[in-house]
Amino acid sequence: MEELLRTNDITLIPLARAVLEDEGIDSFELDVNMSILEGSIGILPRRLMVRTDELDKARRVLREYGVRFED
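Structure below.
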């Protein structure tokens with residue numbers, strides 16, 4: 001698995017996951033529990049992971065949908 005994006009924006013990961021799911025790309029969110037432990041105040045970023053062989057496609061799809069993230 002490879003990191004697709006890392007963010008403190010609580011709305012970005014659900015959006016990205018929905019877009020990826022529509023395109024048939026599986027994703028997995030990491031650091032959810034750490035974020036909850038810190039009180040959900042947004043200090044610790046969450047990461048969205050995808051399979052290594054789908055990373056390029058996932059990046060392309062998110063860009064096409066206008067989802068902004070850093071490579």
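Numbering of the sequence shown is given in full-length UniProt numbering, commencing with residue 1 and proceeding in unit increments.
Backbone N, C-alpha and C define an ideal beta-carbon position, used for all residues, glycine too.
How long is the line joining the alpha carbons of residue i and residue j, rounded to whole angstroms?
| i | j | result |
| --- | --- | --- |
| residue 32 | residue 46 | 6 Å |
| residue 77 | residue 63 | The structure shown does not extend to residue 77, since the chain is modelled only from 1 through 71, so no value can be given for it. |
| residue 15 | residue 43 | 20 Å |
Closer than 8 Å by C-beta to residue i: which residues in its own chain qualify, once you throw out the five before and the five after it? Chain order, please.
| i | result |
| --- | --- |
| residue 54 | 25, 26 |
| residue 1 | 28, 49, 50, 51, 52 |
Give the DSSP-derived three-state secondary structure of residue i in the structure shown.
| i | result |
| --- | --- |
| residue 70 | coil |
| residue 30 | strand |
| residue 21 | helix |
Closer than 8 Å to a non-hydrogen atom of the ligand PLP - does that hold for the CB of residue i?
| i | result |
| --- | --- |
| residue 4 | This structure lacks the ligand PLP, and indeed carries no ligand of any kind. |
Nearest by alpha-carbon distance to residue i: which of the options is it?
| i | options | result |
| --- | --- | --- |
| residue 3 | 30, 23, 20, 9 | 30 |
| residue 59 | 11, 20, 8 | 20 |
| residue 66 | 44, 12, 56 | 12 |
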